[in-house]
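Going by the numbering used here, the sequence shown opens with residue 35, and the numbers climb by one from there. By construction, the Cβ of each residue, glycine as well, lies at the ideal position given by its N, Cα and C atoms. Read the structure below first, then the notes.
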Amino acid sequence: MLLSFDGKKLAGDGKSHSEWPIHSEIMKKRPDVIASSHTHPFYACVYSACEEPLPTVVARSGIQPYLPPRYTDTSELIRKPEQGRAMAEALGDGTAVLLRNHGIVTCGTTIPEPVLVGIALEKMCREALVVASSSFKWSLPSPEEMAAKRKGGLGIIKYDSLWAYYRRKLARAEALGEPLIGTQPVSMDSL
35 MLLSFDGKKL AGDGKSHSEW PIHSEIMKKR PDVIASSHTH PFYACVYSAC
85 EEPLPTVVAR SGIQPYLPPR YTDTSELIRK PEQGRAMAEA LGDGTAVLLR
135 NHGIVTCGTT IPEPVLVGIA LEKMCREALV VASSSFKWSL PSPEEMAAKR
185 KGGLGIIKYD SLWAYYRRKL ARAEALGEPL IGTQPVSMDS L
């Protein structure tokens, strides 16, 4: 579906989502962004209620957002352009923002990028919650270590190979008839 920046449907079928200002305001502020995503993954939604910055417990790739910002103005749906603008301000030049008690928004310069950032962010939130709930002493890489890792191998973002991995994983699940993976498009009218 194609919408104008003021939410009017220009092309496509179905009903547009009420939180369109999330996407329009990011794209107005960030000409480099061509794709954005707003989702409600379980661990990220839980972590969005935390006031602590999200730590990088396991540094696995440059795709992971480092200390993603939080949008804290409201936990309500972002249905007004002024809310979308404030959320885009919180995002800044990053690829992800946690929406307080709500979910996440990710964006990128390719279509796969917000998907991959969202997957990485969900893993980061799960890891942070698990380690914080343990009774073990634990540590984080220092900001200097993280900067060095990003400059080295972690900074080389291999979106194509990671995207291909998830596409293969989806194809295997669909071939096996995995019940949690839908193989038919869902009609908005059926919801």
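Here His72 carries a strand assignment [DSSP, helix/strand/coil]. Taking C-beta separations shorter than 7 Å and ignoring five residues to either side along the sequence, the partners of Met180 in its chain run Thr90, Ala93 and Tyr100, following chain order.
Below 8 Å, too few C-beta pairs join the stretch 163-183 and the stretch 127-136 to call them touching: fewer than three. One Cα belongs to Ser169, the other to Arg160, and the distance between them is close to 16 Å.
In the three-state reduction of the DSSP assignment, Ile97 falls in the coil class, being assigned neither a helical nor a strand state. Under the three-pair Cβ rule at 8 Å, the stretch 103-120 counts as touching the stretch 55-73. Within its own chain, no residue has a Cβ closer than 8 Å to the Cβ of Lys185 once the five positions on either side in sequence are excluded. When rounded, the separation of the alpha-carbon atoms in Ile153 and Arg201 is 13 Å. Within the model, the alpha-carbon separation for Glu59 versus Arg134 is close to 18 Å. For Leu125, the enclosing alpha helix (DSSP H) has its first and last residue at Pro115 to Leu125. Among the bridge pairs identified by DSSP, Thr140 is matched with Ser71 and Ala130. Restricting attention to Thr106, Val151 and Ile145, the CA atom closest to the CA of His136 is found in Thr106. Sixteen is the threshold: since fewer than 16 other Cβ atoms of the shown chains lie within 10 Å of the Cβ of Leu36, the residue is exposed.
Straight-line spacing of the CA atoms in Val151 and Leu174 works out to 20 Å.
For Ala207, the secondary structure class from DSSP, reduced to helix, strand or coil, is helix.
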